[in-house]
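Protein chains in written order, with numbering that gives the first Met the number 0: chain A, 0 to 258; chain B, 0 to 264. C-beta: ideal position from N, C-alpha, C; glycine also. The structure presented is a predicted model; accordingly, all values stated were derived computationally and were not measured. All remarks here apply to the structure that follows.
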Amino acid sequence: MLRWRIALLALTVAATACAHSQAQPSGTGDAGSAVSGDVTVFAAASLMEAFEQIGQVFETRHPDTTVRFNFAGSQRLATQITQGAPADVFASADTILMDAVASAGGAASDAEIFAGNVLQIAVEPGNPRNVAGLEDLANTDVTVVLAAEEVPAGRYARGALDAAGVTIAPVSLETDVRAVLSKVSLGEADAGIVYASDVVAAGGAVHGVEIASDRNTAADYPAALLEGAPNPEGGRAFLELLTSPAARRILQDAGFSVP
Amino acid sequence: MSASDEPRTAVPAGVGVLGALGVVLLTLPLIGLASRTPWADIPRLLREPSVLQAVRLSLVASLSALALSTVLGVPLAWLLARTDFPGRRLVRALAVLPMVLPPVVGGVALLLAFGRRGLFGQVLFELTGWSLPFTTAGVVLAETFVAMPFLLVTVESGLRSMDRRYEEAAATLGASRWTILRTVTLPLTAPSLTGGMALCWARALGEFGATISFAGNLPGRTQTMPLAVYLELESNPPAAYLLSFLLLAISVAVLIALRDRYLGQ
């Protein structure tokens, strides 16, 4: 008897759930069309924490979706995309790599800048080496880690060093900006050039030294829907969310600027 | 031992198909790599500083790791095979753990032990002002950590399977323990020693995860061939294909050198 009751209860719940999910599109009316399934977002490593939060907002607004992120250096993501990795959205840390993907026929929509960033010098908490600016990185007592030249953060860092006329000998060229950050937060390196947002993401694990604005490079973050996206509706909805007030607030809290 | 001596086995259809699929899975990537290797550009690519530096550094680091593994691994293999000290089984388990440990975890563990803030590394840094991460010595350490177990297990099994009577005979003839080890034991285990060394060297040469997380990536100092492959794939794909092919060729050469062990019947 009990078994039947449970079965009946299960049926009722299922029926209610069905009715509910059918009613939802007209009920919430978000973006007009129902978005469902996996949405795959390839995003620059520096976007990690902000995008994970934005992904949660997305999944709350579109309950039938799951956002899957692939965070890495933008140059690696661009390579993966041009090699045919199935992704819906590419969010790059620079426009050069986005243009490269677009010119290889990889982008299905015009890229839109949704965030900006500036560089900072990450040092150990308390700044024991008294790093005050880029010049101090030339000091041979200071172990400096940079991102590799292929990585947007690495290219921006070289631009800033060139603008300051400073030549340094980094001990390692990391494959994404977060690897630079971790070398400093682990105490293996004295300093690394990262984004202001990375210093925020590190919490108290590193201290950020500002770089004078005339030498600092402003990073632009473009995002676009990708050609052959497995879930174009999902991708479009994610791009839409990126420029919404909710996402802007998250990005600003994470240390990015928003256009 | 020719095939004609053995009774022929009828192959069930499913087994044949799955076996063939297995062959395709294992060989297609190799064919893909060979098909994209820029044969005509090899002389030019081999002169490129980024390629040359990576090859030179890989040789130096992997041969140093091999030397260190031999110096430390052979005595340890002897102790594990010939003595029965307390905790021997635990020591062996710990010593072979890096064979199954994800190398990147090995790199993190090395950082926490030998890094500037590591258990031992901090003492070293405070005493000498020197630290292992970001140095070629760090690469050698990472490669040794990952590769030495391969030498260890091969030599230990060689010692275990050896006929002990030769050693006993030498002992009854009055040879010292050191003389026995040097003139009887080591020559008799030479095949497993060379096999273990070849495996160890190949593993050290291919090391990636522990190296990049412990020693970082700097051309000429810590950027070994696998790291260069990883990075060149983004900026200079032909160089990445060439380096990959070189590593493949070396692996094939090692396999041929070990043919008795792995390419037997």
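When secondary structure is reduced to three states using DSSP, D87/A falls in the coil class, being assigned neither helix nor strand.
With a beta-carbon spacing of about 19 angstroms, P102/B and G195/B fall beyond the 8 angstroms limit used to define contacts. By the 16-neighbour rule on beta-carbons within 10 angstroms, P85/A is exposed. Using a Cβ-Cβ distance cut-off of 8 angstroms, the stretch 81–98 of chain A and the stretch 178–192 of chain A are not in contact, since fewer than three pairs of beta carbons, one from each stretch, lie closer than that value. Measuring C-alpha to C-alpha distances from L79/B to each of F113/B, W129/B and L151/B identifies L151/B as the nearest. Within chain A, the residues whose beta carbon sits less than 7 angstroms from that of P132/B are E187, listed in sequence order. The beta carbon of G215/B sits closer than 9 angstroms to some beta carbon of chain A. If you draw a straight line from the Cα of V170/A to the Cα of V141/A, it is about 10 angstroms long. Pairing D98/A with T65/A gives a Cβ-Cβ distance that is not under 9 angstroms. Taking a 10 Å sphere around the C-beta of R235/A, we find 16 or more other C-beta atoms and assign the residue as buried. G18/B sits in a helix when the DSSP states are folded into three classes.
By the neighbour-count definition (other C-beta atoms within 10 Å, threshold 16), G86/B is an exposed residue. For the pair of segments examined, the stretch 105–120 of chain A was found not to touch the stretch 52–60 of chain A: the number of CB pairs separated by less than 8 angstroms stays below three. Taking A152/A as the centre and dropping the five residues before and after it, the same chain places the C-beta of A146 and V176 closer than 6 angstroms to its C-beta, in chain order. Spanning the alpha carbons of L25/B and G18/B requires a straight line of approximately 11 angstroms.
For N129/A, the closest of S243/A, D63/A, D189/A and D252/A by C-alpha to C-alpha distance is D189/A.
The secondary-structure analysis by DSSP pairs V193/A across a beta bridge with Q119/A. Within its own chain, the residues whose Cβ lies closer than 7 angstroms to the Cβ of F213/B, once the five positions on either side in sequence are excluded, are G106, L109, L110, P132, G137 and A141, listed in chain order.
Check the Cα spacing between V165/A and each of N138/A, R154/A and T94/A: the tightest is with N138/A. Under the rule that a run must span 3 or more residues, no beta strand (DSSP E) segment is found entirely inside the stretch 47–123 of chain B. CA-CA distance, E155/B to L45/B, rounds to 39 angstroms. N126/A is not a Cβ neighbour of Y194/A, given a cutoff of 9 angstroms.
The stretch 178–190 of chain B makes no contact with the stretch 240–251 of chain B; the number of CB pairs closer than 8 angstroms stays below 3. Residues of chain A whose Cβ lies closer than 9 angstroms to the Cβ of R115/B are, in chain order, T142, L185, G186, E187 and A188. For P169/A, at least one C-beta of chain B is nearer than 9 angstroms to its own C-beta.
One thing to note: A227/B has its Cβ within 9 angstroms of the Cβ of A53/B. Selection Q74/A, S256/A and G54/A evaluated against R154/A yields Q74/A as nearest (Cα-Cα). Excluding sequence positions up to five before and after I249/A, its CB lies within less than 6 angstroms of the CB of A49, Q52 and I53, all in the same chain and listed in chain order.
The continuous alpha helix (DSSP H) containing V138/B extends over residues T135 to S160.
Residues of the same chain with a CB within less than 7 angstroms of the CB of R247/A, apart from the 5 flanking positions on each side, are V257 in chain order. Within chain A, no residue has its CB atom less than 8 angstroms from the CB of E125/B, the nearest being about 13 angstroms off. In this chain, the alpha helix (DSSP H) harbouring V251/B covers P236 to A256. Cβ neighbours of F124/B within its own chain (closer than 7 angstroms, five residues either side excluded): R115 and S130.
In this structure, A114/A is the residue among A114/A, E209/A, D161/A and A101/A with its C-alpha nearest to the C-alpha of S45/A. For the pair E173/A and Y220/A, the Cα-to-Cα distance works out to about 20 angstroms.
Between the C-alpha atoms of P190/B and A197/B there is a straight-line separation of about 11 angstroms.
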